[in-house]
Structures are given as C-alpha cells and as structure tokens.
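*Asks:* Numbering (full-length UniProt numbering), first residue to last: 1 to 369.
Each residue gets a CB set at the ideal place from its N, CA and C atoms; glycine is no exception.
These numbers were taken from a predicted model, which means no experiment stands behind them.
First the structure, then my questions, so here it is.
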Amino acid sequence: MSFLDKVIEYESFDFEGFFSSVTSQNVQQSLFRDHLTVPDLLHLLSPRARDFLEPMAQKARNVTMQYFGRTIGLYAPLYISDYCANQCTYCGFNTHTTFKRNKLTPEQIDQEAAAIANTGIRHILVLTGEAPAKTPMTYLTVTMGILKKYFSSIALEMFPMDEDDYKTLIAAGADSLTIYQEVYNREIYRQVHPGGRKADYNWRLKTPERGARAGFRAVNIGALFGLGQPKVEAFMAGLHAKYLEQKFPDVEISLSLPRMTKAEGGIAPRHMLSDIDFVQVMLAWRLFMPRLGLTISTRESAAFRDRLIHLGATRYSAGSRTDVGGYSQNLDDSTVQFEVTDDRSVDQITRMIKESGFQPVFKDWEILR
Numbered sequence: 001m002s003f004l005d006k007v008i009e010y011e012s013f014d015f016e017g018f019f020s021s022v023t024s025q026n027v028q029q030s031l032f033r034d035h036l037t038v039p040d041l042l043h044l045l046s047p048r049a050r051d052f053l054e055p056m057a058q059k060a061r062n063v064t065m066q067y068f069g070r071t072i073g074l075y076a077p078l079y080i081s082d083y084c085a086n087q088c089t090y091c092g093f094n095t096h097t098t099f100k101r102n103k104l105t106p107e108q109i110d111q112e113a114a115a116i117a118n119t120g121i122r123h124i125l126v127l128t129g130e131a132p133a134k135t136p137m138t139y140l141t142v143t144m145g146i147l148k149k150y151f152s153s154i155a156l157e158m159f160p161m162d163e164d165d166y167k168t169l170i171a172a173g174a175d176s177l178t179i180y181q182e183v184y185n186r187e188i189y190r191q192v193h194p195g196g197r198k199a200d201y202n203w204r205l206k207t208p209e210r211g212a213r214a215g216f217r218a219v220n221i222g223a224l225f226g227l228g229q230p231k232v233e234a235f236m237a238g239l240h241a242k243y244l245e246q247k248f249p250d251v252e253i254s255l256s257l258p259r260m261t262k263a264e265g266g267i268a269p270r271h272m273l274s275d276i277d278f279v280q281v282m283l284a285w286r287l288f289m290p291r292l293g294l295t296i297s298t299r300e301s302a303a304f305r306d307r308l309i310h311l312g313a314t315r316y317s318a319g320s321r322t323d324v325g326g327y328s329q330n331l332d333d334s335t336v337q338f339e340v341t342d343d344r345s346v347d348q349i350t351r352m353i354k355e356s357g358f359q360p361v362f363k364d365w366e367i368l369r
C-alpha cells in the first residue's frame, strides 16, 4: 500500500466527529501506553488532550532524553537560487512575483559556504527554487563538490527528483533530503499550486520514498501549517513519517513544523496554528514516534524557540538567511522566501542552548570521502 492510498482512505474520515468524541479517559490511556497506535495519535491531537499538556510534556521530555540525550543539532540554510517556475500562492519565490532573480556562481557559493562555516556550523541545508533548467544536475554536482570542503553533512531542499538524480547527488556529497508536502488535503493542494511542476501532488508525495531508496541517510518531511486544517495536517504528517519509518528502518526520519510567515506575493494563512496547538502537535508526534527528529526553524520567535528546547525538539537552524547570497554577497534586490523571526547569531543560539542545560552539536555525521 502506498501512502497515497492512506491519503485517500482518510479523505472520508470524520476528523471533527472523532475529535469531539474523545474523552479524558481516551487521552489518559493513550498517554500512558508504551507503544502508541494511530488512534492514540488522534487522541493526543484532540481538543480534549489540551487538558493534559503538562503530563504529555513530561513524558515527551523523558522520551527525548532516552533517545537523544541533552543534545540539539545545529544547521544553517543556504539559498543558491531563487528562480522558480511554480505558482505557489503562499511563497515569495512564486514565478509571478516580480523581483530580480539570483543564482549564485560557484565562486559565490564558495564564499557563502566559507562565511557559514566560519560560524562553526558543519551541517548545511541547500535550497533552490523549482526551476531545473536554471539549476541543472551539472550545477548541483559542482555545488556539492564545493560544499563538502566545508561541511560534514549536506542536506537538500530542492525540486523533487527521480531516484537516479538523487543517487548522483549522493555520490557528489549529499546525505540528507528535506521535502515538504506543504498540505496533505488534495483539494487545498490543487488550489494553492495552480501551475508548475509542483502542481503534481502524487509526484511530490512519493519523493521521500525515492530519496530513501536512493540512499539518503536522513529524510525530513512536514506540512506548512496555515494551508490546511492544522490538526488534520498534523495527523497526516505524523502518519506519513510513521509510514516512512516502517518502510525504511535504516533511514533517520524527522518532521518539521513550519508555520506560514509573511512572504512577498504570499497569501494570508487560511488556518492559524496557535502556539499552544504547536506545542500539542510537537508533543503528540514525539510520543507517537520516540525516535523521530523534530526540527524547529527560525520562522519561530526567539522566546518561543527557547521554550521548545525542553519539549522534544532535536534540531535548530541558527543564524539563518533566507535570501540568495544573504551571508556574504549583499546582492541588490535580493528577496527572502519567508521572513526570519529569530534572527540571533549562531553564537547567541549556542549560548541559549547551553544555558538551557543542553549541548549544541555542530557535527554528528561525516561522509567518508
């Protein structure tokens, strides 16, 4: 059974009716179960579970300590191109958004990499818009060759590729893949992706599996909260992560919780995910999948990220720039994909992590070159 079959199966599920029927006893039984089932995840995402956030948090902390210890991995994003042929209504890189597009040269990529590495960061996330004609495989393999001089781990967040292309990039130095479905509700997906390659829901949905088969050691997925009904999207993302974990037990699976922020040319969020719901989702995921990585980006405020460190988070971005050339190039008219809310430097994030009683981890993986 493919995960698309699961998506279709739950399209007829009465989430509202189920959530409204959940009792305190249901939540307590799920909370104290050693191995959670799919109904347990639904129980912990229900409105009734809000009354149990403190015991959920306590158990989530214990589970996280058991599997991850007191460590927080650090990474930085590197945007190398903002050319995009998609028409995503919520994104600043939308092809219809008028701004000067940029693509870094190999020399500029080297300068950006050096600037990031100088902060101590050794895990990099490389991003492009979805315009393969502008960032072909030759360009990407050259990029990998440059970055592996500076970083022990290279993750990709780019347009979906086939398995052979992923194998090529792995051979060139990449080891991890990030790919967000954005929204699991197929009708909303169609509405917010009216054109471009990204309009193909099924191709995108199967991307994590192609990446895992190709040999990525880690795959990170997620929904963009603000497009679909938050608790339903959280459930589907959790279900997707569980599906991948069971199908690819040797691959590290992680989830991100990006919330929509202001983007040039973007739409306002359809459904807000409040801070308390954000925490509930995070705790429910942690209890449902104890080995799951949980990534918190600089979309969230400094104060909020400081609190989340105690609730199961395992990976933070630091010193982030979301524009092409943002670390060293100072390009004219450079446009951000989304607004960074936590603009603290790597040193400041490192200090916060240590003061919270955790150990910042700059390097926990290295490919044998």
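Mind reading off the beta-carbon distance from Gly228 to Thr95? Whole number of angstroms is fine, and I expect it under 8 Å.
*Replies:* About 23 Å separates the two Cβ atoms, so there is no contact after all.
*Asks:* For Ile116 and Tyr327, I'd like the C-alpha separation in whole angstroms.
*Replies:* In a straight line, the C-alpha of Ile116 is about 7 Å away from that of Tyr327.
*Asks:* Under 8 Å, with one C-beta from each stretch per pair, do the region 179 to 198 and the region 133 to 146 reach the 3-pair mark?
*Replies:* No, because fewer than three Cβ pairs between the region 179 to 198 and the region 133 to 146 fall closer than 8 Å, the two stretches do not touch.
*Asks:* What is the C-beta distance between Leu224 and Ala60, in whole angstroms, given that I count them as a contact (C-beta under 8 Å)?
*Replies:* Their Cβ separation, rounded to whole angstroms, is 23 Å, which puts Leu224 and Ala60 out of contact at 8 Å.
*Asks:* Leaving out the 5 sequence neighbours to the left and right, which residues in its chain are closer than 6 Å to Val251 when beta-carbon positions are compared?
*Replies:* Same-chain partners within the cutoff: Ala212, Val219.
*Asks:* So, using beta-carbon positions, are Tyr90 and Ile267 closer together than 8 Å?
*Replies:* Yes. Within cutoff.
*Asks:* By DSSP, does Asn86 sit in helix, in strand, or in coil?
*Replies:* Coil, per DSSP.
*Asks:* So, are the CB atoms of Asp82 and Gly129 less than 8 Å apart?
*Replies:* Yes, the Cβ-Cβ distance between Asp82 and Gly129 is below 8 Å.
*Asks:* What did DSSP end up calling Ile154 once you bin it into helix, strand or coil?
*Replies:* Three-state DSSP puts Ile154 in a strand.
*Asks:* What separation, rounded to the nearest whole angstrom, lies between the Cα atoms of Thr30 and Leu41?
*Replies:* The residue asked about is misnamed: residue 30 is Ser in this sequence, not Thr. Going from the Cα of Ser30 to the Cα of Leu41 covers about 8 Å.
*Asks:* When DSSP builds the beta bridges, which residues end up paired with Tyr75?
*Replies:* Ser317, per the DSSP bridge assignment.
*Asks:* What is the DSSP secondary structure of Phe52, reduced to helix, strand or coil?
*Replies:* DSSP places Phe52 in helix when its eight states are reduced to three.
*Asks:* In the DSSP assignment, find the unbroken alpha helix (DSSP H) run with Val27 in it and report its ends.
*Replies:* Counting along the chain, the alpha helix (DSSP H) containing Val27 begins and ends at 24 to 31.
*Asks:* Classify Pro360 as helix, strand or coil using the three-state DSSP reduction.
*Replies:* Looking at Pro360 - three-state DSSP - the assignment turns out to be strand.
*Asks:* Beta carbon of Gln329: closer than 7 Å to some heavy atom of the ligand ZN?
*Replies:* As far as ligands go, the structure on display features none, and thus does not contain the ligand ZN.
*Asks:* Applying the 10 Å Cβ sphere with the 16-neighbour rule, what's the burial state of Arg70?
*Replies:* Counting Cβ neighbours within 10 Å, Arg70 comes out exposed, since fewer than 16 surround it.
*Asks:* Please list the segments of the alpha helix (DSSP H) lying wholly inside the region 91 to 149, counting only runs of 4 or more residues, in order along the chain.
*Replies:* Segments of the alpha helix (DSSP H) lying fully in the region 91 to 149: 106 to 117, 137 to 147.
*Asks:* Identify whether Ser221 lies in helix, strand or coil by the three-state DSSP scheme.
*Replies:* Before going on, a small fix: residue 221 reads as Ile here, not Ser. Looking at Ile221 - three-state DSSP - the assignment turns out to be strand.
*Asks:* Which one of Ser176, His271, Thr168 has the shortest CA to CA distance from Leu156?
*Replies:* Nearest C-alpha to Leu156: Ser176.
*Asks:* Along the chain, where does the alpha helix (DSSP H) containing Leu42 start, and where does it finish?
*Replies:* Looking at the DSSP string, the run of the alpha helix (DSSP H) that includes Leu42 is 38 to 45.
*Asks:* Which runs of the beta strand (DSSP E) fall wholly inside the region 172 to 227 and span at least 3 residues, in chain order?
*Replies:* Runs of the beta strand (DSSP E) inside the region 172 to 227: 176 to 178, 218 to 222.
*Asks:* Check this for me: beta carbons of residue 381 and Val27, under 8 Å apart or not?
*Replies:* The chain is shown from 1 up to 369; residue 381 falls before or after that span and cannot be answered.
*Asks:* My assumption, with CB atoms under 8 Å, is that Ile253 sits in contact with Leu239. Please give the rounded CB distance.
*Replies:* Not really, about 12 Å apart at Cβ, beyond 8 Å.
*Asks:* With a Cβ-Cβ cutoff of 8 Å, do Ile296 and Ala318 count as a contact?
*Replies:* Cβ distance not < 8 Å, so Ile296 and Ala318 don't count as in contact.
*Asks:* If I measure Cβ to Cβ from Thr119 and keep anything under 7 Å in the same chain, skipping five residues before and after, which residues do I get?
*Replies:* The residues are Gly319, Val346.
*Asks:* Count the other CB atoms within 10 Å of the CB of Arg50; is the residue buried (16 or more) or exposed (fewer)?
*Replies:* With fewer than 16 Cβ atoms within 10 Å of its Cβ, Arg50 is classed as exposed.
*Asks:* Just to check my reading of the structure: Gly226 and Arg190 have Cβ atoms closer than 8 Å, yes? What is that Cβ distance to the nearest angstrom?
*Replies:* 17 Å between Cβ atoms; not a contact.
*Asks:* Residues in the same chain with beta-carbon distance under 6 Å from Val22, minus the five sequence neighbours each way, listed in chain order, please.
*Replies:* Counting only Cβ-Cβ distances below 6 Å, and skipping sequence neighbours, we find His43, Ser46, Arg48.
*Asks:* Could you give the C-beta distance for Leu104 and Glu112, rounded to a whole number, given that I count them as a contact under 8 Å?
*Replies:* Contact holds; Cβ gap of about 7 Å.
*Asks:* If you follow the alpha helix (DSSP H) that Gly17 is part of, which residue opens it and which one closes it?
*Replies:* 15 to 21 is the span of the alpha helix (DSSP H), which, as asked, contains Gly17.
*Asks:* By how many angstroms is the C-alpha of Ala302 removed from the C-alpha of Arg286?
*Replies:* Near 22 Å, if we compare the C-alpha coordinates of Ala302 and Arg286.
*Asks:* How about Arg305 and Gly73: are their beta carbons less than 8 Å apart?
*Replies:* It is not a contact, given that the beta carbons lie outside the stated cut-off.
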